[in-house]
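Shown next, in structure tokens, is the structure this report addresses.
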Amino acid sequence: MSGSQNYINHVALVLDASSSMSHLRNKVVEVADQQIAYLARRSRELDQETRVTVYVFADKVECVIYDKDVLRMPSLKQLYRVGGMTALLAAALKSQRELAQTAQLYGDHSFLTFVLTDGQENASHRCPDAPAREPRKLIEAVAGMIERQEDNWTLAVLVPDQMGKREAMQCGFPKDNIAIWDATSTQGLEEAGQVIQQATERFMVGRAQGIRGSRAVFSTGADAVNKETIKAAGLTPVDPSAYRLIPVARDAAIRDWVVECGHTYRTGCAFYQLSKSEKIQAKKRIAVLEKSTDRVYTGPEARALLGLPDVEVRVKPDHNDDFTIFVQSTSVNRKLVPNTRLLLMN
1 MSGSQNYINH
11 VALVLDASSS
21 MSHLRNKVVE
31 VADQQIAYLA
41 RRSRELDQET
51 RVTVYVFADK
61 VECVIYDKDV
71 LRMPSLKQLY
81 RVGGMTALLA
91 AALKSQRELA
101 QTAQLYGDHS
111 FLTFVLTDGQ
121 ENASHRCPDA
131 PAREPRKLIE
141 AVAGMIERQE
151 DNWTLAVLVP
161 DQMGKREAMQ
171 CGFPKDNIAI
181 WDATSTQGLE
191 EAGQVIQQAT
201 ERFMVGRAQG
211 IRGSRAVFST
221 GADAVNKETI
231 KAAGLTPVDP
241 SAYRLIPVAR
251 DAAIRDWVVE
261 CGHTYRTGCA
271 FYQLSKSEKI
281 QAKKRIAVLE
291 KSTDRVYTGP
301 EARALLGLPD
311 VEVRVKPDHN
321 DDFTIFVQST
331 SVNRKLVPNT
341 RLLLMN
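Under full-length UniProt numbering, the first residue of the sequence shown carries the number 1, and numbering increases by one thereafter.
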């Protein structure tokens, strides 16, 4: 592909509009509008063209916006109406089938779809958009479609619970492209919006490095953080004389432990190991440690590697045999977890 060809992203939101979403209706509009504003800003900053498609589904599946320039998008306020059952599989099939008819001439095109649902599939077998009436055949149709998608297609889904996750995996969604959200509250939806934003950020930064699609959009594990992605993100190792790694032997506050180990504590110089799901603020620096060599990578690119946008988001550490994520602490009394390590920057 010649260097002059531009990046064109086709981002689709496929939104559950069944009756059970009625208590979240206004929040869905707000979160979707925020996501579109964010996409518009990042498209300008990264010089990528982004086109947005929005589907809503209940008893049937409706495309309310098709492949529209993100800089000219209306609010979804007039377009998102709730009522009916949940034709989830029909929505996945119709959205991907129709998007596949989009012309991909001249440019590096990539497709990213987020499906958001608060419940289980219960209506596709009656839906005019479904290719089959039997639930089993529908599941097979979705799984077959996902398997056949090219490497420039990314299909992700947000489900309300473990049962939803199991069903999504049966339908062939890659496990790291499935996230669970709390569908009972507006705060849960707000957090789901942040998860989508984080995944989008990682996708767009990856695009700039030539990555065309992902089967791990919601992961911080080995699929997201590895030698290849670190190189693609432009991370370079820190000079070994510029940091120390200190084992954490017991429960202790971060400043106390640094001092007890014979070092000076300055605010912002200590990074703790990410060992549980937690919120990371917009200004916090991230470092990535290669376990086999104790080599450390940091810089703004480390945040981009995890897809951290410039707002506070919740991040969970996924299993990774080769790399560990560290987060900058700006407090003096953060509790350290025994049997982890502390990264101290000089």
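Every residue, glycine too, gets a C-beta built ideally from N, C-alpha and C.
By the neighbour-count definition (other C-beta atoms within 10 Å, threshold 16), D59 is a buried residue. Counted as a single uninterrupted DSSP element, the beta strand (DSSP E) harbouring K68 occupies residues V61 to D69. When beta bridges are read from the DSSP output, E278 appears opposite V315. The segment 60 to 127 contains, as complete beta strand (DSSP E) runs of 3+ residues, the segments 61 to 69 and 108 to 116 (chain order). One thing to note: L189 has its Cβ no nearer than 7 angstroms to the Cβ of R341.
The beta-carbon separation of V14 and S95, rounded to 5 angstroms, stays under the 8 angstroms limit for a contact. With a contact defined as Cβ atoms closer than 8 angstroms, S110 and N9 qualify at about 5 angstroms.
Proximity of the segment 148 to 165 to the segment 205 to 213 meets the contact definition, three or more beta-carbon pairs being nearer than 8 angstroms. Here DSSP, grouped into helix, strand and coil, assigns L305 to helix.
Proximity to L71 across T53, L158, M85 and V61 peaks at T53, based on C-alpha coordinates. Under the three-pair Cβ rule at 8 angstroms, the segment 76 to 91 counts as touching the segment 122 to 132.
Distance from the CA of D182 to the CA of L116, rounded to the nearest whole angstrom, comes to 11 angstroms. A straight-line Cα-Cα distance of about 19 angstroms links E191 and A17. Closest in alpha carbon position to K227, among A270, V195, V296 and L274, is V296.
For R44, the secondary structure class from DSSP, reduced to helix, strand or coil, is helix. Secondary structure at P135: helix, using DSSP grouped into helix, strand and coil. Pairing Q198 with R255, the inter-Cα distance amounts to about 30 angstroms. DSSP places I180 in the uninterrupted beta strand (DSSP E) bounded by I178 to I180. The alpha carbon of A156 has as its nearest neighbour, out of F114, A232, T50 and V82, the alpha carbon of F114. Per DSSP, Q5 is not a residue of any alpha helix (DSSP H), being assigned neither H nor E. The three-state reading of DSSP puts D16 in strand, counting E and B together. DSSP places F203 in the uninterrupted alpha helix (DSSP H) bounded by T186 to A208.
Taken through DSSP and simplified to helix, strand or coil, N26 comes out as helix. Per DSSP, the continuous alpha helix (DSSP H) segment holding E228 begins and ends at K227 to A232.
For V332, no alpha helix (DSSP H) encloses it, and the DSSP letter there is neither H nor E. If you check the CB distance, E290 and A233 do not come in under 7 angstroms.
Taking the C-beta atoms as reference points, T229 is found no nearer than 7 angstroms to G268. Secondary structure note for A168: its alpha helix (DSSP H) is the uninterrupted segment Q162 to Q170.
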